[in-house]
Structure formats: structure tokens, C-alpha cells
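This report refers to the structure that appears directly beneath it.
Residue numbers (the numbering used here): 84 to 311.
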């Protein structure tokens, strides 16, 4: 009896999977309905562990403020650290501040700088990532961990394979990102695993002014729209 209570049978697992589809659909529908109304935004990614007195937190606040001042809203993962800094900058500048929060056993909680009507909660990472990509006009990637790298490389892959429209991917912090970018330029490129033109998808900068310059130059040439 104990064994049977601990381990679900194959048919029970299949049944639970079928019902989970409705929850997944609900997250997609809710996300589409809310985010389709927010207008052009830029997503800011980075570590949830970055403290408010850290230079990258302060830089993220400045980046977000300038993004809003140039006509965009800001989307973050809704949590603490760099995410909080992004929402804080957007809030200070009086712009759209969106938070796509997710239930996690540690680190994640809503920050107080998200607009009341623009805070969404997700159980599924893959649904949340679709929302980031569909409605963002650019990715600003601050120093972060595995989650940040996940978002970064998925976006590059989707653009590289023409599954979504091209948009700027901007790595902020040459000191932090330089080693990774060098590895991509040497190891990946020299092995023939990427093409030289793939490197053009990534911009490496240090300042908020450089971020804005890249966004403005890109959208002087291309129109603002959802990415798929």
C-alpha cells in the first residue's frame, strides 16, 4: 500500500498531464490578453541576487529610466535584484512597468515597482518565456546566472533560426560578459558551430546611453511589432 501511494501509475500520470493542458492554456490566454495592451516594451534580465547597493543594480535602474524616457515600457521577471531595479527605473520615469513573476522555492517574490494591472504570475517557465519574447522589442541582459543565460541563448537561437523577428540583444557589463563573448567568438566560431553573422545579433556595452543608441538605431530602420 505504501508503495502504491508513493508512485503514480502510468495511466494516472497521463490523465494528470491531460488536465494540466488547461492550466497551461489559461496562462497563455491570460498573458496574451494582458500583454497585448502594454505597447512597445524592452525586457531587462539579470540576477535576482543582486543587492540594491551593487553597481549593476544602479545601472539597471538608469537603463530602465532611459528606456522609458525614449518611449518604451519595461518588462522584467517581476522578482528582486536586477528585476526590481528594472521595474524601479520604469516606475521612477513614469512608464509602463511589467512583471512576469514565477513561483519558485527561493529567491522569487514580487517587487513593489510593478504596475498594479501589469503583474502576472506563472507556474510554467516555458509560458513565461514566450511572453518575454513575443512582446519585447529588445533584450537588455544584465549580469545574471543560469536563468539569465537561458533567456539570452534562447532568444539568440530563435532569431538565428528565423522563428521570430530580429530584435536587439544587448549585454550590459563588458567586464562580466567579455569572457563569455570571447568564448563564443573563438571556440564556437572556430569550431564551425555558428556563423560569423550570428555575432552581429549580440551587442556588448557598458552604459545606458549605449543601450538607448542601439535601440533607437535599430527602430529607425525597423517597425515596432510583436515578434511572432
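The C-beta atom is built at its ideal place from N, Cα and C for all residues, glycine as well.
Residues bridged to residue i [DSSP beta-bridge criterion]
i           : result
residue 286 : 253
residue 100 : BP columns for residue 100 are empty, so no partner.
residue 184 : 204
residue 112 : Residue 112 pairs with nothing; no bridge assigned.
residue 224 : 128 and 254
From the options, residue whose alpha carbon lies closest to that of residue i
i           : options               : result
residue 168 : 260, 131, 202 and 199 : 131
residue 304 : 287, 249 and 288      : 249
residue 292 : 149, 141 and 138      : 149
residue 308 : 123, 92, 172 and 294  : 123
residue 188 : 162, 215 and 173      : 162
residue 208 : 287, 285, 135 and 160 : 160
residue 306 : 220, 276 and 279      : 220
DSSP three-state assignment for residue i, whether helix, strand or coil
i           : result
residue 308 : coil
residue 204 : strand
residue 219 : strand
residue 299 : helix
residue 279 : helix
residue 244 : coil
Length of the line joining the Cα atoms of residue i and residue j
i           : j           : result
residue 84  : residue 113 : Interpretation of residue 84 is limited by its pLDDT of 42, a score under 50 that renders its predicted location unreliable; no figure is taken from the coordinates.
residue 328 : residue 213 : This structure cannot settle anything about residue 328, because the visible part of the chain is limited to 84 through 311.
residue 255 : residue 289 : 5 Å
residue 301 : residue 180 : 22 Å
residue 118 : residue 223 : 18 Å
residue 144 : residue 152 : 12 Å
residue 201 : residue 115 : 12 Å
residue 137 : residue 231 : 18 Å
residue 275 : residue 269 : 10 Å
Beta strand (DSSP E) runs contained entirely in the stretch 124 to 181, provided each spans 3 or more residues: Within the stretch 124 to 181, the runs of beta strand (DSSP E) at least 3 residues long that lie entirely inside it are, in chain order, 124 to 128 and 156 to 159.
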